[in-house]
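A short worksheet on the structure shown next.
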Amino acid sequence: MNKLFTKVGVVVFTVASLLFTVASPAQTPAKNYAIVIHGGAGFINEGNTSKEKRAAYTQALNSALEAGYSVLENGGSAVDAVVAAIKIMEDNPLFNAGKGSVLTADGKVEMDASVMDGKSLRAGAVAGLTTIKNPVTAARFVMDSSQHVFMIGSGAEEFARKMQCESVNPEYFITPERRKSFERLRQQKDNATAILEPVVTNPEFKFGTVGAVALDKFGNLAAATSTGGMSNKKFGRVGDVAVIGAGTYANNKTCAISCTGWGEFFIRLVMAKTVSDKMEYQQLSLEDASNEMIHRVLPGMGGNGGLIGIDKNGNVVMPFCTEGMFRAFKKSSGEKQVLMF
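Quick note, our numbering runs 161 ahead of the 1-based positions in the sequence shown.
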């Protein structure tokens, strides 16, 4: 009888141990967590960026970085972290997203945003918003509170308002600096025929998309991107930001990516997803996959821009093939950088 109870006890102990072992990974935070952000790439160099403006961008990037990192540090999700960081940049007129977005050929603001959860592969995106204060929150609601992935225009705005997203007068987004830039573009080119030319050749222009990618304490990845689009755009043009897999992608198996640059090329290359695929199917590192796409494939097609990325192990990348890119990262190890050139 004693032997029987002993055997039963061993079995119960073994089962309990197995259950504890299986449950532990979901309950025990990972050691690594980090966030990476960008504020756009393009004609950014020391010659055309004053000391005062460099200081302003450094402070703005740092504020967004710390907002996202604080979420991670306190045990929040990667999705919450990237949305928190992007909202800070959408509210800052220095960036081409939310307040401070560039103007279309009609002198209006049309904004796009997207977000993706690497754990579930759920995603949400919006395009052509004109009144929603923080487009990234609308994209988050599309992901979390609808059966859809992509909403556009008035329908997206109606949905966002029903989700209690803050709505503002369209004039809120237009800053004096953006208005001046718009007027200069109109004077330089014939608006009836120019669509992309002013954007590509104007030395003042930068691809002002903002983005964030993060790895949280529980090993989950997320990515989000937001933009006012391309200066002087026409005909309801939408770039890569709102296209899941082009400007934004996250997968716990591989990485989280947010892109900035000439969107048409990023769409054609399915840039963000291609980096992930190269890691998954070609067994490339995040660094090698990103460098191949940004430094070889993209310029080889005539495009330019950059991306930020983080993999499931917390490795980060920030490659670009333009003169500069506003970018920053912070890791749980304490390592931190805020860079422009």
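Virtual Cβ for every residue (Gly too), placed ideally from N, Cα, C.
I think Ala202 touches Met486, with their Cβ atoms under 8 Å apart; what is that distance to the nearest whole Å? 4 Å
Counted within 10 angstroms of its Cβ, other Cβ atoms place Asp472 as buried (16 or more) or exposed: With 16 or more Cβ atoms within 10 Å of its Cβ, Asp472 is classed as buried.
Taking 6 Å as the limit between beta carbons, can you name the residues of its chain near Thr415, skipping five residues before and five after? Ser437, Met440, Glu441
Identify the residues that DSSP records as bridge partners of Lys497: which are they? For Lys497, the beta-bridge partners assigned by DSSP are Lys491.
Between Ala239, Thr483, Thr298, which lies nearest to Ala258 when the distance is taken from Cα to Cα? Thr298
For Gly463 and Arg429, what's the separation of their Cα atoms in angstroms? 12 Å
Does Lys168 come out as helix, strand or coil in the three-state DSSP assignment? For Lys168, the predicted structure reports a pLDDT of 42, less than 50, and the residue's modelled location is therefore unreliable. The matter cannot be settled from this model.
Using the DSSP secondary-structure output, state which residues sit across from Ala284 in a beta bridge. For Ala284, which the question treats as bridged, DSSP gives the partners Met277.
Segment contact flag, the segment 256-272 with the segment 391-400, C-beta cutoff 8 Å, min 3 pairs: yes
Go ahead and label Glu251 buried or exposed: buried means 16 or more other beta carbons lie within 10 angstroms of its beta carbon, across all protein chains shown. buried
Tell me the DSSP bridge mates of Thr467? Inspection of the sequence shows that residue 467 is occupied by Gly rather than by Thr. DSSP, once it has assigned bridges, lists Thr421, Phe481 as partnering Gly467.
Does DSSP put Ala266 in a helix, in a strand, or in coil? coil
Roughly how far, in whole angstroms, is the beta-carbon of Phe311 from the beta-carbon of Ala403, given that I think they are within contact range, below 8 Å? 7 Å
Counting only the same chain and skipping the five closest in sequence on each side, list residues whose C-beta sits under 8 Å from that of Ser328. Beyond the five residues adjoining it in sequence on each side, Ser328 comes within less than 8 Å, by CB distance, of Thr292, Ile293, Lys294, Glu318, Ala321, Arg322 in the same chain, given in chain order.
Based on DSSP bridge pairs, tell me the residues matched to Cys416. Asp472
Output yes or no for whether 8 Å exceeds the beta carbon distance between Lys491 and Ala195. yes
So, with DSSP's three-state summary, where would you put Ala403? coil
For Glu332, does the count of other Cβ atoms within 10 angstroms reach 16, so buried, or fall short, so exposed? exposed
Report the partner residues of Ser328 according to the DSSP bridge assignment. Ile293
Which two residues bound the contiguous beta strand (DSSP E) that contains Ala411? 409-411
For my contact list, Ala274 and Ser387 are in at a C-beta cut-off of 8 Å; report their separation, rounded to the angstrom. 4 Å
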